[in-house]
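The structure appears below as structure tokens.
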Amino acid sequence: MKKLISIILSFFIILSCSNKKKELVQDNNTKNLPINSVIEIKKDKISKGNQLFLNGNFQEALKYYEKGVKENRSVAYYNIGVSYYLLGNLVQSEKYFKMAIKDDKSFKEAYINLVAVLIEEGKINEAESYIQFLEDYKDVKTYINLANLYLKKGNTAKSYYYFQKAMEIDAKNEFVRASYGNFLISIEEVDKGINMLSAIKKKGYDEYYNLAKAYFYKKDYRKSIENIKKAIDLKKTEQALKLLAENYNKIQDYILEATVLSQLIELSNKPEYRYLYALALYKSGDFSKAKEVVTALINEFPNESRYYKLKYDILINERKYNEALQVVVKGFKNLKTSFFRYLYVRHLLLYFDDVKKAYLLIKNVADDDDYILLSKAIYYTKIGKFKIADKYLSEISNKGSDYYLLVSFILLKQRDYKKALENIEKISKYENRYYLYKFIALWNLRYFDELLRLSKERLNYLKYNRESPKVSFRLKPKKYDIGFFYRYDGKFEDILRLFLFPLVIDPNESIEFLTLGYKLLQDKENLKAIIELKKSANFNNGIMYNNKGVDYFLNGDFYKAINYFKKASKYLRNNPFVSYNLGVGYLALGDLDNAYYYFDNSILNNRFVLYSYLGKAVVYYLRGEATRIITQYDMVINNYDEAVDSVNYPHIFLLAKYFAMLGLGKYDDVIFEVSNSESDFNYELFAGKLAQFLKRGQMELFDDYKFKLIYHFQCFDELLKKDFRLVGDRVCNNYKLYSSLFLTEKSVYNISYKMDKYELSQFIMYNLAINRLDKVLKGLKILSRKDFRYSKLYELSLYYFLLKNDFLNAEASYTSLEKLKFKNLFTQYYRMLYFLLNYNEKRLIKEINSFIKEYPVDYRGVMIDTLLSFKSNNLKKVLDDLLSIKNMEPEINKKVSLEILIDDI
Numbered sequence: 010m011k012k013l014i015s016i017i018l019s020f021f022i023i024l025s026c027s028n029k030k031k032e033l034v035q036d037n038n039t040k041n042l043p044i045n046s047v048i049e050i051k052k053d054k055i056s057k058g059n060q061l062f063l064n065g066n067f068q069e070a071l072k073y074y075e076k077g078v079k080e081n082r083s084v085a086y087y088n089i090g091v092s093y094y095l096l097g098n099l100v101q102s103e104k105y106f107k108m109a110i111k112d113d114k115s116f117k118e119a120y121i122n123l124v125a126v127l128i129e130e131g132k133i134n135e136a137e138s139y140i141q142f143l144e145d146y147k148d149v150k151t152y153i154n155l156a157n158l159y160l161k162k163g164n165t166a167k168s169y170y171y172f173q174k175a176m177e178i179d180a181k182n183e184f185v186r187a188s189y190g191n192f193l194i195s196i197e198e199v200d201k202g203i204n205m206l207s208a209i210k211k212k213g214y215d216e217y218y219n220l221a222k223a224y225f226y227k228k229d230y231r232k233s234i235e236n237i238k239k240a241i242d243l244k245k246t247e248q249a250l251k252l253l254a255e256n257y258n259k260i261q262d263y264i265l266e267a268t269v270l271s272q273l274i275e276l277s278n279k280p281e282y283r284y285l286y287a288l289a290l291y292k293s294g295d296f297s298k299a300k301e302v303v304t305a306l307i308n309e310f311p312n313e314s315r316y317y318k319l320k321y322d323i324l325i326n327e328r329k330y331n332e333a334l335q336v337v338v339k340g341f342k343n344l345k346t347s348f349f350r351y352l353y354v355r356h357l358l359l360y361f362d363d364v365k366k367a368y369l370l371i372k373n374v375a376d377d378d379d380y381i382l383l384s385k386a387i388y389y390t391k392i393g394k395f396k397i398a399d400k401y402l403s404e405i406s407n408k409g410s411d412y413y414l415l416v417s418f419i420l421l422k423q424r425d426y427k428k429a430l431e432n433i434e435k436i437s438k439y440e441n442r443y444y445l446y447k448f449i450a451l452w453n454l455r456y457f458d459e460l461l462r463l464s465k466e467r468l469n470y471l472k473y474n475r476e477s478p479k480v481s482f483r484l485k486p487k488k489y490d491i492g493f494f495y496r497y498d499g500k501f502e503d504i505l506r507l508f509l510f511p512l513v514i515d516p517n518e519s520i521e522f523l524t525l526g527y528k529l530l531q532d533k534e535n536l537k538a539i540i541e542l543k544k545s546a547n548f549n550n551g552i553m554y555n556n557k558g559v560d561y562f563l564n565g566d567f568y569k570a571i572n573y574f575k576k577a578s579k580y581l582r583n584n585p586f587v588s589y590n591l592g593v594g595y596l597a598l599g600d601l602d603n604a605y606y607y608f609d610n611s612i613l614n615n616r617f618v619l620y621s622y623l624g625k626a627v628v629y630y631l632r633g634e635a636t637r638i639i640t641q642y643d644m645v646i647n648n649y650d651e652a653v654d655s656v657n658y659p660h661i662f663l664l665a666k667y668f669a670m671l672g673l674g675k676y677d678d679v680i681f682e683v684s685n686s687e688s689d690f691n692y693e694l695f696a697g698k699l700a701q702f703l704k705r706g707q708m709e710l711f712d713d714y715k716f717k718l719i720y721h722f723q724c725f726d727e728l729l730k731k732d733f734r735l736v737g738d739r740v741c742n743n744y745k746l747y748s749s750l751f752l753t754e755k756s757v758y759n760i761s762y763k764m765d766k767y768e769l770s771q772f773i774m775y776n777l778a779i780n781r782l783d784k785v786l787k788g789l790k791i792l793s794r795k796d797f798r799y800s801k802l803y804e805l806s807l808y809y810f811l812l813k814n815d816f817l818n819a820e821a822s823y824t825s826l827e828k829l830k831f832k833n834l835f836t837q838y839y840r841m842l843y844f845l846l847n848y849n850e851k852r853l854i855k856e857i858n859s860f861i862k863e864y865p866v867d868y869r870g871v872m873i874d875t876l877l878s879f880k881s882n883n884l885k886k887v888l889d890d891l892l893s894i895k896n897m898e899p900e901i902n903k904k905v906s907l908e909i910l911i912d913d914i
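If you're matching positions, the sequence shown starts at 10 in my numbering and goes up one per residue.
Structural data, given as structure tokens:
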């Protein structure tokens, strides 16, 4: 009996000792963690362990705690559990907290810590089984652990309740605030959570990690990286490194992702991390290292299909198609899956064109799953049976990158580029065809801004873009491709040509002007010669014929005008006025060669005939020689300034100066000069209004009766108002016909055998622009009978045969132009088209270089070069060319006439 009483008494003594509140060591290591700190008791080994623990030397502290088991088992086990937790070993931590509880069933702190560890390990149900032991505990860490437990259970209401309890106890406690901030983030109150965590002054690992998670959720990867790095500086954990790697993946910095994953593998050599490491190496372009890692994975885990697929992708990007085939065959034999059957079929079709062997792999195979359907779809797509391919594609339920690749290809073949583009976006960006197909769709849709963005982005994928596209090109008629004699695109030179009028020679004023060049530049003997010229009777006859020619010109009879100008020229040998008038006459007919000759001749005889420079500027414009135009305007201004100070200069020549200033874009200068002029000269006022129009584009500026008598003003006004009635002269009507092509895409031209060769050429050009090739052919036949040596005949026939894809006859036209030694911007452009369409890379490169040298500011040479660069897969050149095109021609989307046709998958 005494013995029994003694045992019972001992039990109550032990029980009273165990219920006694334990003294927690105050330390910073666990201050902001869900677990309590180690416990202090006056035992030698445990006390020494606590001193090491406080200094952060957890590994050494463990050794003393293990020795302290003999001093106090439950406390020693508990302290060991805390140390393991801080060392990141949750399994051992859980084990020792359980041992502490087993030794002391009422060990409150051990229960709290065990629940915290179980929650962190994801053992939620087990953690919940210990709630009964925590319900009477009313402290911060108990409430936080209960809140986290219910949060994991999905009971946010209860979780919120316990967080509020913790806040009631100590709302300023940074651990409480950090935990509550994490809670807010987890229930998608991300911004509130971020604000709460950011306000914590002394952030620990958890705060930085949770901030990083929050920013990752918000897709603010830069801030996520900033915070996760701070967390890693405090504690390098598996979860932190994994999150950092995920961030680098999101911002596509695969080199840094691979670096972090290599560190992660050192912590935990999981196959998943090794695979992600190989994938990151592959995406960073380190194919050799990626192949090494994934090969090792295949050797260890020969039944994991994605390892084979990754190695296959690497070999494809290395263009090692035979080795890639071996990987596919090995995967097919080892795994015998429909996926590898598909990959096998795909590889044979895309890289070996082995249609027969591919067919044997799908012959008599039941349509059991998506990959079998995909195998058959790609086979029928390859052989061009798109309806059958569509049937198989329509039955596929899980639509991946390759599904969209096939759909996109079929849509590109059907030239449904908008729909193709929607599907292309769903192809993997690491698939070479994503770029190729998207480029084709964007080009053909004329989406040049997006094309530029695509080309810039694609530079990041240079190592993956190894296959050249299988494409050809189709020419579609565009009016910008044709060398019209009469163009009206609203440019200054178009307007200038309208107002270039022939000059009347006044017997008194003009003879004075004729002597100008000599007065300024020649010696006395030549002045005597001019005096003798004034006395010549022939001079008066020449003036009469010239002025009669002007009259016919203003009435639209350009042939008669030219005849009279030629008669005037016989009397007034090399007279600069008459030469200029002949230039204007031939320009009106559309004979650019003769127009240029006479304008140039005029200037050679007297450089002060300013209108001849303007005439040359227009010819240069029509020829596409844009770099030479500005010089002509400069010459007008320089010669005017020199002449006006020397003699009584004809006032009409002031208009030539204003035109030159407008051509140089000096609109404000013209407006200023005209506004300060006291002259009532109508042309001067008109120049000021024209400057305002060119600056602002205001039509109403010209609603003024004063301008009605200005040559071609009514035509100009009608063009602005889009009044395309053919009621004017040859120049005016052809301007209207050209402008109407924008709106109607119809030609109102009716062919006539009475047409001269210029008018007939114009008829052919209009019908080329609207693709009326039957009328074009008829016109070319008539034109060849009128003048078979006429260079325009072969220029237009070359373009016609290119539209028809008739390369045999195109070669004949090309050869004829060579024999005639005739070339201009358009013939040079057609030569490039010829060698692009009838593909000859060597000759095409030569023609491109020649064109760009001759016409450096014209978009056509760079446009053809872009397509050549795309076909030859020169990505950097493509980007450079696209940037050049955008600078040269802001409206390039309206002017491209070439369509890219996809020839094979």
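The beta carbon of each residue, even a glycine, is placed where N, CA and C say it ideally should be.
Inspect the CB distances between the segment 85-92 and the segment 101-120 and report whether three or more fall short of 8 Å. yes
Pull up the CB-CB distance for TYR330 and TYR360, whole angstroms please, since I reckon it's below 8 Å. Your numbering for residue 330 matches position 321 in the sequence shown. Your numbering for residue 360 matches position 351 in the sequence shown. Confirmed, Cβ separation roughly 4 Å.
So, for GLY492: in the same chain, excluding its five sequence neighbours on each side, which residues have a beta-carbon less than 6 Å away from its beta-carbon? Locating residue 492 in the sequence shown gives position 483, counting from the first residue. Excluding residues within five positions, the ones whose Cβ falls inside 6 Å are PHE835.
Exposure label - LYS391; buried when at least 16 CB within 10 Å: In the sequence shown, residue 391 corresponds to position 382, counting from 1. By the 10 Å Cβ count, LYS391 comes out buried.
Between the Cα of LEU777 and the Cα atoms of LYS485, LEU324, LEU288, which residue gives the shortest distance? Working through the sequence shown from its first residue, we reach residue 777 at position 768. Comparing Cα-Cα distances from LEU777 to each of LYS485, LEU324, LEU288, the minimum goes to LYS485.
Going by the DSSP bridge assignment, what does GLU32 pair with across the sheet? Taking the first residue of the sequence shown as 1, we reach residue 32 at position 23. GLU49.
How about VAL559 and ASN583: are their beta carbons less than 9 Å apart? For the purposes of this step, residue 559 is taken as the residue at position 550 of the sequence shown. For the purposes of this step, residue 583 is taken as the residue at position 574 of the sequence shown. No, these two residues do not count as a Cβ contact at 9 Å.
Tell me whether PHE562 counts as near the ligand MN, meaning its Cβ is closer than 8 Å to at least one heavy atom of that ligand. Among the components of this structure there are no ligands whatsoever, and the ligand MN is therefore not found.
Closest by C-alpha distance to LYS795, when choosing among LEU817, LEU811, LYS763, ASP783: In the sequence shown, residue 795 corresponds to position 786, counting from 1. The candidate whose alpha carbon is nearest that of LYS795 is LYS763.
Just confirm the distance between the C-beta atoms of ILE237 and TYR218, as a whole number of angstroms; I'd bet it's less than 8 Å. The sequence position of residue 237 within the sequence shown is 228, counting from 1. The sequence position of residue 218 within the sequence shown is 209, counting from 1. Indeed they touch by this definition, with Cβ atoms about 7 Å apart.
Nearest to LEU512 by alpha carbon, out of LYS427, TYR620, ASN157? Along the sequence shown, read from residue 1 onward, the residue named residue 512 stands at position 503. Comparing Cα positions, the closest option is TYR620.
Per DSSP, cross-strand counterpart(s) of GLU863: By 1-based counting over the sequence shown, the position of residue 863 is 854. Looking at the DSSP assignment, GLU863 forms no beta bridge with any residue, so it has no partner.
Assuming VAL645 and ALA669 make a contact with CB atoms under 8 Å, what is their CB distance in whole Å? Looking up residue 645 in the sequence shown gives position 636. Looking up residue 669 in the sequence shown gives position 660. Right, their Cβ atoms sit about 4 Å apart.
When you compare the segment 736-754 with the segment 458-471, are there three or more beta-carbon pairs, one atom per stretch, that lie closer than 8 Å? no
Which two residues bound the contiguous alpha helix (DSSP H) that contains SER578? If you number the sequence shown from 1, residue 578 lands on position 569. 567-580 is the span of the alpha helix (DSSP H), which, as asked, contains SER578.
Is the CB-CB distance between ILE873 and MET897 below 9 Å? Residue 873 sits at position 864 when you count from the first residue of the sequence shown. Residue 897 sits at position 888 when you count from the first residue of the sequence shown. No, the pair does not count as a contact, with Cβ atoms beyond the cut-off.
Where does ASP322 land, buried or exposed, given buried means 16+ other C-beta within 10 angstroms? Indexing the sequence shown from 1 puts residue 322 at position 313. By the 10 Å Cβ count, ASP322 comes out buried.
Going straight from the alpha carbon of VAL679 to that of TYR868, what length do you get? Stepping through the sequence shown from its first residue, residue 679 is reached at position 670. Stepping through the sequence shown from its first residue, residue 868 is reached at position 859. Rounded to the nearest angstrom, the two C-alpha atoms are 31 Å apart.
CB-CB under 7 Å to LYS227, same chain, minus the five flanking residues each way: which ones, in chain order? Residue numbering aside, residue 227 sits at position 218 when the sequence shown is read from its first letter. So the qualifying residues of the chain are VAL199.
Determine the contact status of ALA267 and ALA249, defining contact as a CB-CB distance below 9 Å. Here residue 267 refers to the residue found at position 258 when the sequence shown is read from its first residue. Here residue 249 refers to the residue found at position 240 when the sequence shown is read from its first residue. No, they are not a contact pair.
Between the alpha carbons of LEU414 and LYS396, how many angstroms are there, rounded? Along the sequence shown, one-based indexing puts residue 414 at 405. Along the sequence shown, one-based indexing puts residue 396 at 387. Going from the Cα of LEU414 to the Cα of LYS396 covers about 16 Å.
Less than 8 Å between C-beta atoms, sequence neighbours within five positions excluded: which residues of the same chain meet that for VAL336? Within the sequence shown, residue 336 is the residue found at index 327, counting from 1. Hits under 8 Å: TYR317, LYS320, TYR321, LEU324.
For the alpha helix (DSSP H) that ARG4 lies in, which residues bound it at each end? Residue 4 lies beyond the stretch modelled for the chain, which goes from 10 to 914, so this question has no answer here.
Cα-Cα, which of ALA626, ILE760, PHE681 is closest to ASP643? Here residue 643 refers to the residue found at position 634 when the sequence shown is read from its first residue. Of the listed residues, the one whose Cα sits closest to ASP643 is ALA626.
Might you give, ordered along the chain, the residues of its own chain that have their beta carbon closer than 6 Å to the beta carbon of SER588, omitting 5 neighbours on each side? Within the sequence shown, numbered from 1, the residue matching residue 588 stands at position 579. Taken in chain order, the residues that qualify are TYR607, ASN610, SER611.
In angstroms, rounded to a whole number, what distance separates the CA positions of LYS579 and GLY551? Within the sequence shown, residue 579 is the residue found at index 570, counting from 1. Within the sequence shown, residue 551 is the residue found at index 542, counting from 1. So the two alpha carbons sit approximately 7 Å from each other.
Looking at the structure shown, is GLU908 part of a helix, part of a strand, or coil, going by DSSP? Residue 908 sits at position 899 when you count from the first residue of the sequence shown. Correct three-state label for GLU908: strand.
When DSSP builds the beta bridges, which residues end up paired with LEU253? Translated into the one-based positions of the sequence shown, residue 253 becomes position 244. The partner list for LEU253 (beta bridge, DSSP) is empty, contrary to what the question assumes.
Using a Cβ-Cβ cut-off of 8 Å (strictly less than) and excluding sequence neighbours within five positions of LEU829, which residues of its own chain qualify? Numbered from its first residue, the sequence shown carries residue 829 at position 820. Contacts found: ARG798, SER800, TYR803.
Residue range of the alpha helix (DSSP H) that ARG483 falls in? Here residue 483 is taken as the residue at index 474 of the sequence shown, counted from 1. Per DSSP, ARG483 belongs to no alpha helix (DSSP H); it is in the beta strand (DSSP E), 480-484.
What span of residues does the alpha helix (DSSP H) with LYS885 cover, start to end? Indexing the sequence shown from 1 puts residue 885 at position 876. Segment 884-897, the alpha helix (DSSP H) holding LYS885.
Which word fits HIS660, buried or exposed, when buried means at least 16 other C-beta atoms lie within 10 angstroms of its C-beta? Here residue 660 refers to the residue found at position 651 when the sequence shown is read from its first residue. With fewer than 16 Cβ atoms within 10 Å of its Cβ, HIS660 is classed as exposed.
Going by other Cβ atoms of all chains shown within 10 Å of its Cβ, with 16 needed for buried, is LYS333 buried or exposed? As a working note, residue 333 is residue 324 in the sequence shown. The residue you asked about is not Lys; residue 333 is Ala in the sequence shown. With 16 or more other Cβ atoms within 10 Å, it is buried.
Does the distance from the CB of ASN882 to the CB of ARG475 come in under 9 Å? In the sequence shown, the residue the question calls residue 882 occupies position 873. In the sequence shown, the residue the question calls residue 475 occupies position 466. Closer than 9 Å, so yes.
For the pair the segment 435-452 and the segment 839-856, tell me if three or more CB-CB distances fall below 8 Å. no
Skipping 5 residues on each side, what residues in its chain have a beta carbon closer than 7 Å to that of TYR747? Taking the sequence shown and counting its residues from 1, the one referred to as residue 747 is at position 738. The answer, listed in chain order, is PHE493, TYR495, ARG496, TYR497.
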